[in-house]
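Number of protein chains: 2
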Amino acid sequence: MQIRLDRTSRVPLYRQLADQLRRRIASGELPPGTRLPPERRLAAMLGVNRSTVVSAYRELAAEGLIAGHVGRGTVVVDPNRRPGAEAPARGVPWPQLFAPLASALYDPALEDASAAASRADVISLATGQPAPECYPISMIRQLLDEALHSQGARLLQYCPAEGYPPLREAIARWAQRSGIRCSPEQVLVVSGSQQGLYLIARALLEPGDLVAVEAPTYVGALQVFRALGARLLPIPIDEFGMRVSVLEQALEHRRPKLVYTLPTFQNPSGTTLVLERRRRLLELAARTGIPIVEDDPYRELWYEAPPPPPLAALDTDGTVVSLTTVSKVLFPGFRIGWVIAPWAVVRQLTLVKQLVDLDTNPLMQWAIWAILERGLLESHLEELRVTYRERRDLLANALRRELGDALRFALPTGGLYLWCELTGGLRARDLLPEAARRGVVFAPGESFFVDPAAGRSWMRLNFTYPNPTALVEAARRLSHALAAVREAREFVRRATTPIV
Amino acid sequence: MQIRLDRTSRVPLYRQLADQLRRRIASGELPPGTRLPPERRLAAMLGVNRSTVVSAYRELAAEGLIAGHVGRGTVVVDPNRRPGAEAPARGVPWPQLFAPLASALYDPALEDASAAASRADVISLATGQPAPECYPISMIRQLLDEALHSQGARLLQYCPAEGYPPLREAIARWAQRSGIRCSPEQVLVVSGSQQGLYLIARALLEPGDLVAVEAPTYVGALQVFRALGARLLPIPIDEFGMRVSVLEQALEHRRPKLVYTLPTFQNPSGTTLVLERRRRLLELAARTGIPIVEDDPYRELWYEAPPPPPLAALDTDGTVVSLTTVSKVLFPGFRIGWVIAPWAVVRQLTLVKQLVDLDTNPLMQWAIWAILERGLLESHLEELRVTYRERRDLLANALRRELGDALRFALPTGGLYLWCELTGGLRARDLLPEAARRGVVFAPGESFFVDPAAGRSWMRLNFTYPNPTALVEAARRLSHALAAVREAREFVRRATTPIV
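Going down the list, the sequences are from chains A and B. Mapping of the first sequence onto the working numbering: residues 10 to 509, in sequence order. Mapping of the second sequence onto the working numbering: residues 10 to 509, in sequence order.
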């Protein structure tokens with residue numbers, strides 16, 4: 010639930026909140042029976058006093074729109090049972106018409122984090138964005154101007170669905186740097202790697218199909234697979250990446266349609282699949298005929314030594330569909346990513362892409378072509394590796410200093426995230442409202458697991474998006490939030506400890 | 010099948026053709042059993058001598074890749090039955106893994122037209138693009154430079170999935186010009202209207218659902234609905250647009266999940282739904298609770314008088330989801346369109362959009378925002394209306410002069426197309442290869458109908474993309490092609506007329 014309060018407005022905050030909830034109830038966005046968040050939790054998320062939420066809820070209750078129920082909290086009232094309300098005799102009953110989908114996408118933990126992250130005073134460790142200070146803005150200005158000057162109308166037309174042909178060639182050359190040998194016709198340009206993932210899932214999966222995923226794994230992938238009706242088979246990881254032997258055992262009884270892996274600087278855990286396991290995974294795929302989807306957006310962001318070759322480079326049997334994006338190494342706004350796969354797969358994904366959005370913006374493709382062909386990405390990556398290593402170390406040291414043993418993590422050798430475990434049995438989602446109130450948010454670990462309970466004590470902290478000062482401040486705020494939550498728990502524990 | 014021959018290469022054309030077919034067979038793109046086009050037809054499509062195709066086919070046949078069968082034509086040979094070929098023991102059997110989809114997307118008539126349109130010497134009347142001479146390139150250069158200068162990194166970040174907030178506000182204001190009253194929260198920015206259509210279909214349709222469409226209608230919509238497993242209920246049109254009374258009768262026995270309509274300067278027919286029928290359609294929707302999807306990309310391109318208000322403006326019951334794009338009024342490359350709908354629908358579509366590609370490029374959205382807010386689109390539209398009316402009249406007059414009674418069409422009062430019927434029982438697809446050989450292509454009518462047979466004699470001619478000289482030349486080439494086809498038919502008729 011996205012609530013935005015304008016503190017500069019003359020409309021009181023509680024009225025703004027009531028207005029926004031009222032409209033969501035009227036539109037059906039909050040259908041009858043929806044439980045509203047507890048007053049205290051919503052207040053913490055929005056960074057307002059509890060009394061603001063209390064007043065808003067009271068106003069809506071007076072209008073008969075919501076009601077408090079013991080044991081169920083505050084819920085939206087069924088309009089047909091509202092005194093004086095009439096059931097609409099005309100019009101479209103929209104919520105009844107929607108295909109089943111939303112349940113796959115609703116993640117309360119992520120909603121909490123994102124609601125709080127929209128506040129200007131909050132430092133977000135919850136995102137996955139590169140450092141905005143490093144965006145090569147003047148380079149982009151020059152390239153776009155050059156593109157329109159030299160190519161003109163050609164870059165404003167429709168474009169082949171597979172991608173701008175010179176970019177497909179440039180990507181095939183770029184991929185050779187990491188050992189992937191492919192022809193331009195094995196490259197499909199997509200509007201960001203989320204689109205690539207959707208196209209792959211849409212081309213391969215039917216409802217009921219099984220997909221093997223790492224535990225933990227990328228949230229957006231879980232959502233896509235679930236939305237398409239797939240069942241999920243979580244495979245645990247350790248410090249050497251996915252436990253391929255566990256996958257191998259699982260295959261004795263179950264047959265996934267595909268294996269989805271982030272083998273390099275995994276999101277969220279930061280771990281990298283070691284070479285021996287890469288070979289074993291590929292052997293397994295070739296032997297069983299089960300394809301591997303390799304999601305590889307972080308490969309170039311290494312801080313100690315280059316990672317092992319991608320699965321797509323080691324593959325000799327055409328089992329790998331590889332997916333990457335410029336969003337993590339340049340910036341996300343251009344929405345450019347690519348898939349490298351056997352030709353038959355590229356052709357099938359192209360058919361799906363034509364359905365989904367016809368083609369990808371050719372002006373953006375030209376700019377990425379120029380960046381690859383002129384060697385501009387390589388020098389940019391060198392700068393990022395230095396900046397990000399510094400930020401990683403800064404946040405890691407600040408966390409150790411401020412939180413000590415309360416937080417456990419391994420220093421990742423690449424990528425964008427610290428993957429941290431709260432010690433002492435604390436649930437990360439219980440820490441989030443207090444952290445948000447103190448101006449810092451993170452991604453709670455539950456969202457990254459097929460079974461949320463497995464991620465209760467985990468949290469993902471991004472170290473690239475906030476600047477150095479913000480990173481240190483974020484650690485301080487986290488530590489204060491943690492202290493406050495622990496103190497409250499201790500108080501409750503004492504109050505409820507029976508006197509012997 | 011996209012075949013590209015390079016006439017400047019030293020590799021003979023037949024070898025180029027054989028190489029490309031061989032690779033498509035090897036990749037599985039042309040799986041065993043695929044029927045290759047007859048030699049004469051493929052030659053006409055590619056603009057080469059028949060002997061080129063004969064030589065290429067002969068080479069592939071010698072390699073055992075294809076074989077001629079009486080009554081089946083030339084087909085790709087099953088590798089397991091190829092002498093000496095071994096079935097692969099390892100790897101992924103890709104074609105067996107794909108979800109059912111391709112059959113919905115394969116349209117041989119469109120493939121024919123698009124294969125020929127890629128030749129430089131061909132004038133394409135088959136596309137739906139605005140005049141490239143009118144693209145406001147220098148305006149776009151300035152706007153993008155201003156955007157990056159004034160907004161910098163903010164326009165290179167991720168963006169809310171619903172769209173860049175100032176653009177949503179600008180769209181809500183722009184929509185008021187045609188009488189649509191909506192809040193910015195009822196606007197969803199999409200990556201082109203094809204994406205909007207996909208999101209709507211994905212949010213509402215489940216396999217087996219029925220969708221009412223006009224006959225004829227937009228090809229891309231038919232493809233999306235079919236790919237999602239929907240069944241189609243064609244409703245005929247006349248010169249006043251969709252025959253709403255026929256829809257009304259159909260609803261007595263069948264219940265579509267939605268009604269898809271292009272009420273204004275319809276693609277492909279150019280007809281406009283008259284006001285009285287608009288009201289009747291809305292009344293029907295409100296009474297039955299069946300939503301209307303209004304696809305409205307051509308509304309601003311009127312050449313006589315402004316069209317009646319959009320359904321979305323006349324709707325008082327929240328039954329309409331309206332869809333538009335800048336692709337037809339500016340240029341397609343920016344991939345920007347929008348949906349206006351009841352809030353609950355926008356919210357549901359946003360969830361699907363997050364799955365499909367997360368968000369739409371914010372830099373492009375800023376540029377469209379600036380164009381709308383600064384009144385730049387209105388003056389551009391005035392220029393287009395003059396240019397396009399001239400081109401429409403030029404092509405119409407040239408066709409009347411060159412083809413006379415052989416082609417029947419009504420002059421459309423807006424949009425991009427002449428919708429023409431070949432008289433004398435000739436099938437448009439039979440004219441296409443000869444037309445392609447003479448350097449002109451068009452969109453055969455069959456693709457626009459649920460039942461292709463209903464469109465046999467129809468063809469859609471675009472009059473905005475080719476320049477004036479090309480339009481006149483296209484009519485001349487069409488007339489020569491038609492004469493040649495008729496002469497051949499006459500010859501065959503005489504040769505087979507029994508001597509009495």
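Backbone N, C-alpha and C define an ideal beta-carbon position, used for all residues, glycine too.
Within the same chain, Cβ atoms closer than 6 Å to the Cβ of residue 179/A are found at 378, 381, 382, the five residues on either side in sequence being excluded.
Here the alpha carbon of residue 139/B sits roughly 27 Å from the alpha carbon of residue 415/B.
Residue state for residue 417/B is assigned as strand, using DSSP reduced to three classes. For residue 398/B, none of the residues of chain A pass the 8 Å Cβ criterion, the least Cβ distance being about 21 Å. Residue 124/B holds the alpha-carbon nearest to the alpha-carbon of residue 46/B among 101/B, 369/B, 124/B.
The C-beta of residue 373/A comes closer than 8 Å to at least one C-beta of chain B.
Secondary-structure assignment with DSSP links residue 471/B through a beta bridge to 426/B.
For residue 304/B, the beta-bridge partners assigned by DSSP are 332/B. Residue 215/A carries a coil assignment under DSSP once its states are collapsed to helix, strand and coil. Partner residues in the beta bridge of residue 133/A, as assigned by DSSP, are 450/A. Residue contact with chain B for residue 356/A: present (Cβ-Cβ distance below 8 Å to some residue of chain B). For the region 318–347 of chain B, residues whose beta-carbon sits nearer than 7 Å to a beta-carbon of chain A comprise 326, 327, 328, 340, 341, 342, 343, 344.
Residue 228/B is positioned such that its CB atom lies no closer than 8 Å to that of residue 310/B. The region 219–226 of chain A and the region 263–273 of chain A touch, with three or more beta-carbon pairs separated by less than 8 Å. Not a single C-beta of chain A is nearer than 8 Å to the C-beta of residue 264/B.
Listed along the chain, the chain B residues whose CB falls inside 7 Å of the CB of residue 99/A are 295, 296, 326.
In the DSSP assignment, residue 223/A is bridged to 244/A. Annotation: residue 465/A has no Cβ neighbours in chain B at a cutoff of 9 Å; minimum Cβ distance is about 25 Å.
For the pair of segments examined, the region 368–378 of chain B was found to touch the region 152–170 of chain B: the number of CB pairs separated by less than 8 Å reaches three. Around residue 204/B, the beta-carbon contacts reaching into chain A at under 7 Å are 365, 366. Chain A places no beta carbon closer than 8 Å to that of residue 178/B, leaving this residue out of the contacts. Check the Cα spacing between residue 214/B and each of 393/A, 109/A, 169/A, 101/A: the tightest is with 109/A. Distance from the CA atom of residue 442/A to the CA atom of residue 55/A, rounded to whole angstroms, is 9 Å. Where residue 385/A is concerned, the enclosing alpha helix (DSSP H) starts and stops at 385–412. The beta carbons of residue 75/A and residue 86/A sit closer together than 8 Å.
For residue 146/B, the chain A residues whose C-beta falls within less than 7 Å of its own C-beta are 157, 161, 162, listed in chain order.
With contacts defined by Cβ atoms closer than 8 Å, residue 343/A and residue 144/A do not form a contacting pair. By the beta-carbon neighbour count (other beta carbons within 10 angstroms, threshold 16), residue 25/A is buried. Taking 8 Å as the threshold, the shortest C-beta distance from residue 116/A to chain B does not fall below it. Within a 10 Å sphere around the beta-carbon of residue 305/A sit 16 or more other beta-carbons, which makes this residue buried. Between the C-alpha atoms of residue 274/A and residue 413/A there is a straight-line separation of about 24 Å.
Within the region 216–237 of chain B, the residues whose Cβ lies closer than 7 Å to any Cβ of chain A are, in chain order, 232, 233, 236. Contact of residue 166/B with chain A is assigned, a C-beta pair being separated by under 8 Å. At least one CB of chain A lies nearer than 8 Å to the CB of residue 150/B. Counting along the chain, residue 229/A sits inside no beta strand (DSSP E); it lies in the alpha helix (DSSP H) bounded by residues 228–236.
In terms of CA proximity to residue 480/B, 402/B leads the group 428/B, 402/B, 437/B.
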